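To start, the structure under review is shown below, and the notes come after it.
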Amino acid sequence: MKKCSLKKCGLVLLAFAFLLGGAGVAAAKDILIVADQYDATTMDPIAHNDVPSSRACYELYDTLVFVDNEGNVSPGLAESWEFLSGTEYKFNLRKGVKFHNGDEMKAEDVQYSIMRATTDAGAKIATYSQNVKDVEIVDDYTIVVHLKLIDYSFFSSLAHSWGSVISKKATEAAGDSYGMNPVGTGPFKLVSWQKGNKYVLERFDDYWGPKPQYKTLEVRSVPEPTSRTIALETGDADIAFPIVHNDLKRVGENEKLVLYRKPQNSTAYIGFNVTKKPFDDIRVRQGIFAALDIVGIQAASYRGIGKVPGTILPSAVKYSINDEIPPHVQDVEKAKKLLEEAGVKDLKLEIWTNERKERVDSATIVQAQLEEIGIKSEIKVLEWGAYLNGLMEKTHDLFILGWVVSIPDPNFAVAGLLETSAIGASNYTFFSDTALDELLREGRSLPDGAGRQAIYKEMQLYLNEQLPMIYLHNDESIAGTQKNVKGFSPRSNEIHSFREVYFEN
Numbered sequence: 002m003k004k005c006s007l008k009k010c011g012l013v014l015l016a017f018a019f020l021l022g023g024a025g026v027a028a029a030k031d032i033l034i035v036a037d038q039y040d041a042t043t044m045d046p047i048a049h050n051d052v053p054s055s056r057a058c059y060e061l062y063d064t065l066v067f068v069d070n071e072g073n074v075s076p077g078l079a080e081s082w083e084f085l086s087g088t089e090y091k092f093n094l095r096k097g098v099k100f101h102n103g104d105e106m107k108a109e110d111v112q113y114s115i116m117r118a119t120t121d122a123g124a125k126i127a128t129y130s131q132n133v134k135d136v137e138i139v140d141d142y143t144i145v146v147h148l149k150l151i152d153y154s155f156f157s158s159l160a161h162s163w164g165s166v167i168s169k170k171a172t173e174a175a176g177d178s179y180g181m182n183p184v185g186t187g188p189f190k191l192v193s194w195q196k197g198n199k200y201v202l203e204r205f206d207d208y209w210g211p212k213p214q215y216k217t218l219e220v221r222s223v224p225e226p227t228s229r230t231i232a233l234e235t236g237d238a239d240i241a242f243p244i245v246h247n248d249l250k251r252v253g254e255n256e257k258l259v260l261y262r263k264p265q266n267s268t269a270y271i272g273f274n275v276t277k278k279p280f281d282d283i284r285v286r287q288g289i290f291a292a293l294d295i296v297g298i299q300a301a302s303y304r305g306i307g308k309v310p311g312t313i314l315p316s317a318v319k320y321s322i323n324d325e326i327p328p329h330v331q332d333v334e335k336a337k338k339l340l341e342e343a344g345v346k347d348l349k350l351e352i353w354t355n356e357r358k359e360r361v362d363s364a365t366i367v368q369a370q371l372e373e374i375g376i377k378s379e380i381k382v383l384e385w386g387a388y389l390n391g392l393m394e395k396t397h398d399l400f401i402l403g404w405v406v407s408i409p410d411p412n413f414a415v416a417g418l419l420e421t422s423a424i425g426a427s428n429y430t431f432f433s434d435t436a437l438d439e440l441l442r443e444g445r446s447l448p449d450g451a452g453r454q455a456i457y458k459e460m461q462l463y464l465n466e467q468l469p470m471i472y473l474h475n476d477e478s479i480a481g482t483q484k485n486v487k488g489f490s491p492r493s494n495e496i497h498s499f500r501e502v503y504f505e506n
């Protein structure tokens with residue numbers, strides 16, 4: 002028998018291994034590809050308050066505590082804690098936790114992370130950090146967080162991405178470019194980021210907790226809904242979201258795919274820029290609301306997904322009276338009368354939205370219904386990042402946006418949207434109302450119970466009168482995956498986790 006050379010034998014063995022792989026003996030898939038609707042805007046955990054960025058931060062960073070989909074709190078970077086008083090929280094930190102740069106996490110890093118969120122750099126998440134007075138270092142593995150006022154919503158908010166622990170050394174070294182050069186303690190570290198296209202993360206093998214079972218996480222920005230579905234069908238994506246109404250059947254009936262649906266803690270709304278005339282007049286806001294068939298708009302735009310909200314609090318959030326409010330009824334004559342009383346005629350306005358199809362469809366119907374009462378409008382569709390930046394400039398009239406309650410506490414369903422302190426962050430209506438601010442302060446100061454419930458009921462009814470926004474849609478979290486993808490479940494706050502995902506061979 003003729004002997005083969007070492008080189009030729011190696012090639013034969015390689016070919017044989019390939020054939021075996023084709024027979025199902027190959028190593029487990031080592032890259033998870035996700036088709037998301039939008040790209041992150043930054044990977045600095047305090048420089049954003051949008052969901053796609055929070056999803057990226059969830060994989061890169063850890064927080065002192067974790068909160069699951071049901072609102073249960075569990076240890077994170079703090080292995081235990083103690084409530085010393087209503088304004089003092091003591092945390093015992095894990096030892097031996099490594100940052101992506103190899104340094105050990107210490108109390109100094111935690112202090113730096115939390116206090117940095119109280120500076121101008123944390124303006125976008127001020128609704129979470131505004132009550133922090135100081136962080137005291139007891140020793141390298143113990144801190145005490147001091148609050149200005151008693152706040153029963155604060156503790157669970159530490160699980161929001163604003164509470165992510167970052168490396169003081171790496172952050173100061175990166176300066177203004179930190180958002181593109183994140184250094185956390187999470188299960189993944191950043192490899193590359195093509196803004197507007199995709200970012201690639203790699204498993205951090207020195208992670209203190211359970212390590213992901215795959216090596217690479219690639220998250221692609223795919224704004225067009227059908228393109229996300231096609232990526233699933235062709236196997237170009239392992240997970241895709243959101244799946245829109247047109248594609249529910251297509252994904253659900255595909256034997257190679259799995260469709261997930263979960264009620265979402267979110268409210269899509271039509272917001273008014275209340276600092277701009279004539280939208281500073283409550284009669285104009287009420288008139289526009291009366292002119293709209295909200296039930297019909299929601300049904301036509303979302304086609305069987307979600308429901309029409311009655312208040313600002315989604316039904317799953319504590320103290321919501323969402324389901325007690327009767328559906329809004331369109332009243333064109335009332336609308337005309339209110340506008341006449343306000344002295345408004347020949348009104349022209351812009352309706353801003355991002356490129357999400359359901360929002361564009363809603364804007365188109367709103368445009369047609371406003372024309373029935375003599376209001377002419379132009380629809381302006383913007384890319385996600387440009388949209389959020391544009392809203393900060395205060396030049397818009399009406400806009401369509403959504404708010405996801407990341408932490409299941411009623412304070413965060415309202416404060417980030419409408420509290421005066423959230424102007425310059427995520428209060429794009431620029432609504433500033435002393436009565437609402439006082440209700441929010443009182444709500445935070447009370448423990449769960451009848452007293453707190455009464456405050457949030459009063460708050461919901463008050464906002465329904467003031468109308469800084471018109472509630473349009475309570476959404477669902479809808480995702481599709483390949484059948485061999487396990488360990489994934491969409492979350493009601495849309496901060497989907499890829500840490501636990503694995504592939505079934």
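Heads up: take any position in the sequence shown, counting from 1, add 1, and you land on the numbering used here.
Cβ coordinates follow ideal geometry from the N, Cα and C atoms, glycine included.
Given the structure is predicted, the values throughout are model-derived calculations rather than measurements.
Item                                                                                                                  : Value
Strand pairing of Q287, partner residues [DSSP]                                                                       : Paired residues: none, contrary to the question.
Backbone CA spacing between D324 and G311 [nearest angstrom]                                                          : 7 Å
Meets three-Cβ-pair contact criterion under 8 Å: the region 331-340 and the region 265-277                            : no
K381 to T88 span [Cα, whole Å]                                                                                        : 45 Å
Assigned secondary structure, T143 (DSSP; H/G/I helix, E/B strand, else coil)                                         : strand
Inside the region 201-259 only - alpha helix (DSSP H) runs reaching at least 4 residues                               : 226-235, 249-253
Three-way DSSP call (helix, strand, coil) for Y429 in this model                                                      : coil
Cutoff 6 Å; reference F432; Cβ partners in own chain excluding five residues on either side                           : V275, L419, P469
Three-state secondary structure assigned by DSSP to T42                                                               : coil
8 Å Cβ cutoff met for V296 and P328                                                                                   : yes
Neighbourhood of N255 by C-beta distance below 7 Å, restricted to the same chain and skipping five residues each side : E234
Residue range of the alpha helix (DSSP H) that includes M116                                                          : 108-117
Spatial neighbours of T120 in its chain, beta-carbon cut-off 6 Å, leaving aside the 5 residues before and after       : none
Beta-bridge pairing of D404 - partner residues as DSSP gives them                                                     : One detail in the question is off: residue 404 reads as Trp in this sequence, not Asp. DSSP, once it has assigned bridges, lists T268 as partnering W404.
Nearest-angstrom Cα separation, counted from G425 out to A349                                                         : Reading the sequence as shown, one finds Lys at residue 349 and not Ala. Rounded to the nearest angstrom, the two C-alpha atoms are 26 Å apart.
Element boundaries [beta strand (DSSP E), containing Q454]                                                            : Unbroken run through Q454 is the alpha helix (DSSP H), 451-467; no beta strand (DSSP E).
Unbroken stretches of the alpha helix (DSSP H), 4 residues or longer, contained in the region 278-346                 : 283-292, 295-303, 333-342
Length at least 3, wholly inside the region 357-387: the beta strand (DSSP E) runs in chain order                     : 377-383
Between the CA atoms of P491 and P183 - distance to the nearest angstrom                                              : 25 Å
Cβ pair Y106, V145 closer than 8 Å                                                                                    : Inspection of the sequence shows that residue 106 is occupied by Met rather than by Tyr. No; because the gap between Cβ atoms is not below 8 Å, this pair is not in contact.
Pairwise C-alpha distance: R445 and A127                                                                              : 15 Å
Candidates L389, D177, T64, of which the one nearest I401 by Cα                                                       : L389
CB-CB length for I376 against A364, believed under 8 Å                                                                : Not quite, the Cβ-Cβ distance comes to about 13 Å (not below 8 Å), so this is no contact.
CA-to-CA distance, K216 to R204, given in whole angstroms                                                             : 5 Å
Pick from G123, I244, Q131 that is closest to V259, judged by C-alpha positions                                       : I244
Three-state class that DSSP yields for S162 in the structure shown                                                    : helix
Contact between the region 59-67 and the region 396-415 (3+ Cβ pairs under 8 Å)                                       : no
Inter-residue spacing [alpha-carbon to alpha-carbon] between I298 and D45                                             : 36 Å
Within 8 Å, strictly: CB atoms of A29 and F504                                                                        : yes
Meets three-Cβ-pair contact criterion under 8 Å: the region 476-490 and the region 262-269                            : yes
Buried or exposed by the 16-neighbour rule on C-beta atoms within 10 Å, applied to P448                               : exposed
Closest by C-alpha distance to E109, when choosing among F84, D135, S162                                              : D135
Through-space distance from N485 to H101, alpha-carbon basis                                                          : 30 Å
Bridge-paired residues (DSSP) for S86                                                                                 : E89
Member of P53, S158, P279 whose CA lies at the smallest distance from the CA of D347                                  : P279
8 Å contact criterion, which F155 and N132 should meet: CB distance rounded                                           : 6 Å
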